[in-house]
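Protein chains in written order, with the numbering used here: chain A, 1 to 291; chain B, 1 to 291; chain C, 1 to 223; chain D, 1 to 223. Comments concern the structure below.
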Amino acid sequence: MSAGASISRLVVPRRGQSVWLIVLSAGAMAFLAVFALALAVSAAQLAQTWSAALSQTATVRLSAPPEEIDEQTAIVLEVLRTTPGIASAEQIAPEEQAELLEAWLGPDLPLDALPLPRLIEVTETPEGPDRQGLRLRLSAEAPGAVFDDHTRWRRPLAEAAGRLRAVALVSLVLIGGVTSAIIALAASAALASNGQVIRVLRLVGARDRFIARAFVRQISLRAGLGALVGTALALGALAAIPQAGGDVHLLSGFGFSGAGWALPALIPPLAMILAWLASMTTAFQVLRGVT
Amino acid sequence: MSAGASISRLVVPRRGQSVWLIVLSAGAMAFLAVFALALAVSAAQLAQTWSAALSQTATVRLSAPPEEIDEQTAIVLEVLRTTPGIASAEQIAPEEQAELLEAWLGPDLPLDALPLPRLIEVTETPEGPDRQGLRLRLSAEAPGAVFDDHTRWRRPLAEAAGRLRAVALVSLVLIGGVTSAIIALAASAALASNGQVIRVLRLVGARDRFIARAFVRQISLRAGLGALVGTALALGALAAIPQAGGDVHLLSGFGFSGAGWALPALIPPLAMILAWLASMTTAFQVLRGVT
Amino acid sequence: MIAFEDVSHDYGGGRLFGDVSIKLEQGSFHFLTGPSGAGKSTFLKLCYGELTPSAGKVLVMNKDLQGLSRNDLAGMRQRIGVVHQDCQFLDHLSVEQNVALPLSATGRSVPDSDVADLLSWVGLASHAEALPPTLSGGERQRAALARAVISAPNMLLADEPTGNLDWDMSQRLMSLMIELNRMGTAILIATHDLQLIRFAKSQINARVLRIARRKLQVAGADL
Amino acid sequence: MIAFEDVSHDYGGGRLFGDVSIKLEQGSFHFLTGPSGAGKSTFLKLCYGELTPSAGKVLVMNKDLQGLSRNDLAGMRQRIGVVHQDCQFLDHLSVEQNVALPLSATGRSVPDSDVADLLSWVGLASHAEALPPTLSGGERQRAALARAVISAPNMLLADEPTGNLDWDMSQRLMSLMIELNRMGTAILIATHDLQLIRFAKSQINARVLRIARRKLQVAGADL
Ligand SMILES: Nc1ncnc2c1ncn2[C@@H]1O[C@H](COP(=O)(O)OP(=O)(O)OP(=O)(O)O)[C@@H](O)[C@H]1O
Ligand SMILES: Nc1ncnc2c1ncn2[C@@H]1O[C@H](COP(=O)(O)OP(=O)(O)OP(=O)(O)O)[C@@H](O)[C@H]1O
Ligand SMILES: [Mg+2]
Ligand SMILES: [Mg+2]
Numbered sequence: 001m002s003a004g005a006s007i008s009r010l011v012v013p014r015r016g017q018s019v020w021l022i023v024l025s026a027g028a029m030a031f032l033a034v035f036a037l038a039l040a041v042s043a044a045q046l047a048q049t050w051s052a053a054l055s056q057t058a059t060v061r062l063s064a065p066p067e068e069i070d071e072q073t074a075i076v077l078e079v080l081r082t083t084p085g086i087a088s089a090e091q092i093a094p095e096e097q098a099e100l101l102e103a104w105l106g107p108d109l110p111l112d113a114l115p116l117p118r119l120i121e122v123t124e125t126p127e128g129p130d131r132q133g134l135r136l137r138l139s140a141e142a143p144g145a146v147f148d149d150h151t152r153w154r155r156p157l158a159e160a161a162g163r164l165r166a167v168a169l170v171s172l173v174l175i176g177g178v179t180s181a182i183i184a185l186a187a188s189a190a191l192a193s194n195g196q197v198i199r200v201l202r203l204v205g206a207r208d209r210f211i212a213r214a215f216v217r218q219i220s221l222r223a224g225l226g227a228l229v230g231t232a233l234a235l236g237a238l239a240a241i242p243q244a245g246g247d248v249h250l251l252s253g254f255g256f257s258g259a260g261w262a263l264p265a266l267i268p269p270l271a272m273i274l275a276w277l278a279s280m281t282t283a284f285q286v287l288r289g290v291t
Numbered sequence: 001m002s003a004g005a006s007i008s009r010l011v012v013p014r015r016g017q018s019v020w021l022i023v024l025s026a027g028a029m030a031f032l033a034v035f036a037l038a039l040a041v042s043a044a045q046l047a048q049t050w051s052a053a054l055s056q057t058a059t060v061r062l063s064a065p066p067e068e069i070d071e072q073t074a075i076v077l078e079v080l081r082t083t084p085g086i087a088s089a090e091q092i093a094p095e096e097q098a099e100l101l102e103a104w105l106g107p108d109l110p111l112d113a114l115p116l117p118r119l120i121e122v123t124e125t126p127e128g129p130d131r132q133g134l135r136l137r138l139s140a141e142a143p144g145a146v147f148d149d150h151t152r153w154r155r156p157l158a159e160a161a162g163r164l165r166a167v168a169l170v171s172l173v174l175i176g177g178v179t180s181a182i183i184a185l186a187a188s189a190a191l192a193s194n195g196q197v198i199r200v201l202r203l204v205g206a207r208d209r210f211i212a213r214a215f216v217r218q219i220s221l222r223a224g225l226g227a228l229v230g231t232a233l234a235l236g237a238l239a240a241i242p243q244a245g246g247d248v249h250l251l252s253g254f255g256f257s258g259a260g261w262a263l264p265a266l267i268p269p270l271a272m273i274l275a276w277l278a279s280m281t282t283a284f285q286v287l288r289g290v291t
Numbered sequence: 001m002i003a004f005e006d007v008s009h010d011y012g013g014g015r016l017f018g019d020v021s022i023k024l025e026q027g028s029f030h031f032l033t034g035p036s037g038a039g040k041s042t043f044l045k046l047c048y049g050e051l052t053p054s055a056g057k058v059l060v061m062n063k064d065l066q067g068l069s070r071n072d073l074a075g076m077r078q079r080i081g082v083v084h085q086d087c088q089f090l091d092h093l094s095v096e097q098n099v100a101l102p103l104s105a106t107g108r109s110v111p112d113s114d115v116a117d118l119l120s121w122v123g124l125a126s127h128a129e130a131l132p133p134t135l136s137g138g139e140r141q142r143a144a145l146a147r148a149v150i151s152a153p154n155m156l157l158a159d160e161p162t163g164n165l166d167w168d169m170s171q172r173l174m175s176l177m178i179e180l181n182r183m184g185t186a187i188l189i190a191t192h193d194l195q196l197i198r199f200a201k202s203q204i205n206a207r208v209l210r211i212a213r214r215k216l217q218v219a220g221a222d223l
Numbered sequence: 001m002i003a004f005e006d007v008s009h010d011y012g013g014g015r016l017f018g019d020v021s022i023k024l025e026q027g028s029f030h031f032l033t034g035p036s037g038a039g040k041s042t043f044l045k046l047c048y049g050e051l052t053p054s055a056g057k058v059l060v061m062n063k064d065l066q067g068l069s070r071n072d073l074a075g076m077r078q079r080i081g082v083v084h085q086d087c088q089f090l091d092h093l094s095v096e097q098n099v100a101l102p103l104s105a106t107g108r109s110v111p112d113s114d115v116a117d118l119l120s121w122v123g124l125a126s127h128a129e130a131l132p133p134t135l136s137g138g139e140r141q142r143a144a145l146a147r148a149v150i151s152a153p154n155m156l157l158a159d160e161p162t163g164n165l166d167w168d169m170s171q172r173l174m175s176l177m178i179e180l181n182r183m184g185t186a187i188l189i190a191t192h193d194l195q196l197i198r199f200a201k202s203q204i205n206a207r208v209l210r211i212a213r214r215k216l217q218v219a220g221a222d223l
């Protein structure tokens with residue numbers, strides 16, 4: 001048995017361009033896969049950042065005569081507190097509000113003297129509230145309250161991030177498919193160009209399983225090796241891309257972060273499994289064709 | 001001569017997996033190249049949109065005692081007009097300003113009675129002004145004027161778009177390099193697995209040029225064919241991706257638009273040229289090795 | 001050993017031979033002759049299942065070849081030694097490893113001394129480490145014969161095993177095959193070398209089959 | 001035609017033959033014999049430049065082969081017909097197209113009638129459309145000979161051209177080569193078939209070279 005295993009490693013020629021073709025294409029595909037993966041991960045992260053920054057906050061603006069404002073504020077806060085989908089609601093302190101307005105009004109305006117509307121910052125839960133219902137309740141209970149959920153800012157950003165992630169995922173699937181196809185084809189090229197090896201092995205009474213195993217082992221090892229090198233190179237290239245500084249919060253840096261770096265480690269074993277499946281299928285198909 | 005040309009088409013076997021390998025890998029690479037190209041084009045467009053929306057506008061806010069405000073406004077406008085890098089400067093009409101403030105202050109505020117600062121909208125030329133110098137001049141001539149160029153919004157967006165474009169371009173270069181390598185390797189596999197063809201042709205006195213031409217012609221035609229099919233499929237896939245609606249302006253749709261669709265038409269001829277160079281080099285290298 | 005029952009064969013074109021019924025018994029010695037292109041190699045390929053006949057049945061060790069699975073066919077081939085007309089080897093393995101292949105590729109152990117003995121008998125002792133592409137035409141044939149007999153098969157099928165060999169070496173190989181036959185191996189040799197047939201007949205009881213005019217005939221003592 | 005000047009050859013290992021000086025004149029007819037592995041094929045490969053000698057010079061048509069560029073070597077080969085011991089073809093072209101290859105692959109025109117005549121002379125008229133892998137061993141040799149002579153070469157080098165052929169067909173091919181020789185083609189045939197040599201010597205003035213004990217000897221009338 002051990003002699004059989006060792007000879008099965010021997011019977012397939014080690015050299016041959018088609019073998020290098022497998023290493024190279026697996027490596028190239030792994031390289032591209034790492035980039036696509038990084039794009040997908042970054043896009044997902046981006047979408048999350050944008051959601052967190054924009055989608056889960058809203059503002060309620062309340063204008064009312066000065067004598068009613070405190071009462072109405074309490075009513076609005078109560079309404080918000082009892083609305084499912086709202087995590088918290090807090091009145092923005094007058095100083096903070098003044099700061100926000102300074103950009104438009106300048107520091108000299110006597111804000112204290114003005115009948116400024118109250119601003120209430122609302123944090124939504126991930127599911128979010130029933131916005132239409134909330135608006136109706138607010139207009140019934142506090143006619144001066146206006147609910148603003150930043151929709152016009154949020155939608156395009158979320159859509160863009162989603163589209164980017166979709167493109168990256170489609171690319172990943174494509175790369176996987178193309179890799180399998182190339183490896184299957186390279187396997188069948190390797191087998192076809194070794195027609196003499198197969199004929200000789202058949203002649204001396206070797207079983208199909210033995211012949212297939214020898215080829216499949218070699219092809220999937222090469223594919224795994226290629227993918228390993230390709231992944232390593234891609235990770236090196238990614239690490240070399242300068243990351244954005246700390247003050248950038250709207251678009252995070254391209255690449256992996258933290259535990260995300262472990263994700264591409266899946267690529268080489270995955271490539272090996274793909275190669276194993278592709279070459280196994282091809283090998284038995286070719287073997288059935290040769291007499 | 002015509003017999004020679006036709007026979008050179010004959011001498012290389014039509015079938016063989018390594019030939020399909022060339023078609024498939026050229027096709028796959030073209031497919032990915034189209035996507036990377038689309039990403040690059042979209043990123044460039046994105047960067048431009050964002051630049052146009054954000055980077056070329058700025059605001060000057062002017063606070064001054066009511067009796068000086070008209071005079072100072074004139075001074076500021078004069079300063080801006082004489083600053084190189086500023087395309088235009090216009091005072092925002094009070095009604096417009098009121099609209100902007102409504103979001104924060106509500107509609108009930110007696111804006112007319114307030115000593116609101118003046119807002120001047122500035123449009124920069126593509127080169128932009130010397131911001132530091134402009135700030136100094138403004139503080140000297142109109143101490144109540146503040147120049148706000150939206151830097152903190154603009155920088156991260158521009159950086160993100162730039163990074164996206166860089167990734168896409170790197171991917172394009174990578175795909176080109178990998179394609180050439182795969183085609184060169186496939187060419188040398190095709191030549192190596194046709195050792196008998198080369199030996200026979202040598203034996204009957206065929207010249208190296210004749211042998212190389214036969215192989216090179218076949219390989220580059222296959223690569224061109226593969227790239228053509230891959231490009232067509234990729235364009236089909238791109239066209240099938242639903243585009244963003246008209247109201248999205250911050251992030252434009254992914255893919256090509258208008259004349260941009262002509263860009264990927266360059267891929268198949270480019271692939272053929274790459275294949276021609278790669279297979280030519282490889283062919284003569286292999287031929288020098290075979291006796 | 002091998003029995004043909006009403007076997008005909010053609011390659012889609014004209015018929016090569018028809019209605020062949022013959023039994024090659026255990027321990028028998030047969031020559032197969034006939035003009036070039038008559039179908040000698042085809043006959044041999046039918047014997048070990050590389051080809052299936054257009055009509056009729058081929059039984060090897062009492063089993064119909066057509067009913068055999070790929071695995072059973074492989075098992076059967078382990079008991080038949082074959083020398084192809086175009087001797088093919090694994091070009092990246094040494095002559096020694098190629099000769100040992102019928103044992104090593106089927107998980108059987110390879111006694112080094114057997115391989116060395118056999119190689120020196122066929123005059124290839126000094127080429128044990130050589131790669132097949134560096135062998136001369138005659139050396140390939142000798143290596144192919146060594147490979148065919150290393151596993152002590154029940155039957156040896158040899159297609160023109162001496163086509164590229166000088167007379168001395170041909171005699172030497174023939175002696176080896178006669179020796180194997182005496183030890184019980186059934187032997188079938190396709191050849192056009194009448195001198196070789198005469199040499200064998202002088203030493204052993206061999207029958208001559210001849211393919212001519214689309215028929216398989218058993219030749220008399222007229223050679 | 002071909003001249004060897006003090007030629008020795010070895011493949012890195014032991015020397016095959018040394019100090020060979022011989023001239024094969026235009027219109028001459030030579031046989032080359034010797035035991036298997038003596039170096040007959042090697043000698044032929046030296047003649048048409050597939051190998052370069054370890055020492056000494058090989059002149060073909062008064063040109064030193066070692067000084068020739070790849071292009072000149074190709075041009076020279078167009079005037080030498082070669083039958084390899086292992087006949088290789090372009091497996092995807094028909095026998096007819098393979099036979100015509102020496103002309104078509106060098107831009108010369110191919111008279112269809114010549115190809116057909118030649119094929120029917122070597123008994124392959126019915127296989128003109130066949131693909132080489134479907135040919136029998138002897139049919140391959142005949143196709144290879146046809147390919148070697150289609151371009152009316154100045155010199156024909158044939159390595160065991162009748163190894164897989166029956167005696168009738170061998171005689172027929174030998175007659176073809178004798179005919180070519182009478183028309184001026186120099187011929188060198190490596191063979192171990194003494195009967196064939198005798199047959200040729202009965203019809204034409206042929207000399208026999210023999211490689212033995214690392215030397216090239218010119219055999220006398222002792223065959
Ligand atoms: N795969 C095939 N397809 C079609 N025809 C074939 C095939 N194999 C062989 N033939 C034809 O069948 C005939 C017999 O071939 P075979 O190889 O059996 O002859 P043979 O008796 O061994 O001849 P030789 O002595 O020349 O080796 C030949 O004419 C050959 O062209
Ligand atoms: N490329 C090579 N490398 C190393 N040794 C070689 C090479 N080619 C041939 N030989 C050795 O050189 C010797 C002579 O080979 P060659 O083919 O010339 O013999 P030959 O006289 O034609 O024999 P045969 O009659 O068997 O064809 C053989 O022992 C062979 O093993
Ligand atoms: Mg045969
Ligand atoms: Mg030889």
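Note that CB positions come from ideal geometry on N, CA and C, so glycine has one too.
On the premise that D:GLY123 lies in contact with D:ASN164, defined as a C-beta separation below 8 Å, what is that separation, rounded to the nearest angstrom?
Counted from its first residue, the fourth sequence places residue 164 of chain D at position 164. Counted from its first residue, the fourth sequence places residue 123 of chain D at position 123. Contact doesn't hold; Cβ gap of about 13 Å is too wide.
Pick out the complete beta strand (DSSP E) segments inside the stretch 135-216 of chain C, 3 residues or longer, and give them in chain order.
155-159, 186-190 and 207-212
Hey, could you find the ends of the alpha helix (DSSP H) B:ALA240 is sitting in?
Translated into positions along the second sequence, residue 240 of chain B becomes position 240. For B:ALA240, the enclosing alpha helix (DSSP H) begins and ends at 208-240.
Could you tell me whether any Cβ in chain D is nearer than 9 Å to the Cβ of B:PRO268?
As a working mapping, residue 268 of chain B is identified with position 268 in the second sequence. So, not an interface residue.
Return the CA-CA distance between A:MET29 and A:GLY177, expressed in angstroms with no decimal places.
One-based indexing of the first sequence puts residue 29 of chain A at position 29. One-based indexing of the first sequence puts residue 177 of chain A at position 177. Roughly 10 Å separates the two Cα atoms.
I'd like to know if the stretch 127-146 of chain C and the stretch 89-109 of chain C are in contact, where contact means that at least 3 CB-CB pairs between them fall below 8 Å.
yes
Would you say C:LYS40 touches ligand 1, meaning its beta carbon is less than 8 Å from a heavy atom?
Numbered from 1 along the third sequence, position 40 holds the residue referred to as residue 40 of chain C. Indeed, a heavy atom of ligand 1 lies less than 8 Å from the Cβ.
Counting beta carbon pairs with one atom in the stretch 50-65 of chain C and one in the stretch 18-31 of chain D, are three or more of them shorter than 8 Å?
no
Can you tell me whether D:GLY229 is buried or exposed? The criterion is at least 16 other CB atoms within 10 Å of its CB, across all chains shown.
Nothing in the structure corresponds to residue 229 of chain D, since chain D is present only between 1 and 223.
For C:THR271, count the other beta carbons within 10 Å of its own beta carbon; 16 or more makes it buried, fewer makes it exposed. Which is it?
Chain C is shown from 1 up to 223; residue 271 of chain C falls before or after that span and cannot be answered.
Would you say B:ILE211 faces chain A, with C-beta separation under 9 Å as the test?
Taking the first residue of the second sequence as position 1, residue 211 of chain B is located at position 211. No - not a single Cβ of chain A is within 9 Å of the one on B:ILE211.
Count the other C-beta atoms from every protein chain shown that fall within 10 angstroms of the C-beta of C:MET155, then say buried if there are 16 or more, exposed otherwise.
Looking up residue 155 of chain C in the third sequence gives position 155. That one is buried.
Suppose the cutoff is 8 Å on Cβ atoms and the five residues either side in sequence are ignored; what does the same chain contact list for A:LEU172 look like?
Taking the first residue of the first sequence as 1, we reach residue 172 of chain A at position 172. So the qualifying residues of the chain are ALA33, ALA36, LEU37 and ALA40.
Which stretch, first to last residue, makes up the beta strand (DSSP E) that contains C:ARG15?
Here residue 15 of chain C corresponds to residue number 15 of the third sequence, with the count starting at 1. Start and end: 15-24.
Please classify C:TYR48 as buried or exposed, where buried requires at least 16 other C-beta atoms within 10 Å of its C-beta.
Position 48 of the third sequence, counted from the start, is the residue given in the question as residue 48 of chain C. Buried, since its Cβ has 16 or more Cβ neighbours within 10 Å.
A:SER193 to C:GLY34, Cα distance in whole Å?
The residue labelled residue 193 of chain A in the question sits at position 193 within the first sequence. The residue labelled residue 34 of chain C in the question sits at position 34 within the third sequence. When rounded, the distance between both Cα atoms is 34 Å.
Which bits of chain D does B:GLN196 rub up against, with CB to CB less than 7 Å?
As a first step, residue 196 of chain B is located in the second sequence; it is residue number 196 there, counting from the start. Result: GLN88.
Beta-carbon proximity check, C:ALA148 vs C:ILE2, cutoff 9 Å
The count along the third sequence starts at 1 and reaches residue 148 of chain C at position 148. The count along the third sequence starts at 1 and reaches residue 2 of chain C at position 2. Not closer than 9 Å, so no.
List the residues of chain A whose Cβ lies closer than 9 Å to the Cβ of B:ILE182, in chain order.
The residue labelled residue 182 of chain B in the question sits at position 182 within the second sequence. The contacting residues are LEU21, LEU24, SER25, ALA28 and ILE182.
Looking at chain A, is there any beta carbon in it that lies within less than 9 Å of the beta carbon of C:ALA74?
The residue given as residue 74 of chain C occupies position 74 in the third sequence. Closer than 9 Å: yes.
Alpha carbon to alpha carbon, what distance is there between B:GLN218 and D:HIS84?
Residue 84 of chain D sits at position 84 when you count from the first residue of the fourth sequence. Residue 218 of chain B sits at position 218 when you count from the first residue of the second sequence. Distance between the alpha carbons of D:HIS84 and B:GLN218: 28 Å.
Rounded to the nearest angstrom, what separates D:LEU209 and D:HIS9 at their Cα positions?
As a first step, residue 209 of chain D must be located in the fourth sequence, where it is residue number 209. As a first step, residue 9 of chain D must be located in the fourth sequence, where it is residue number 9. Going from the Cα of D:LEU209 to the Cα of D:HIS9 covers about 17 Å.
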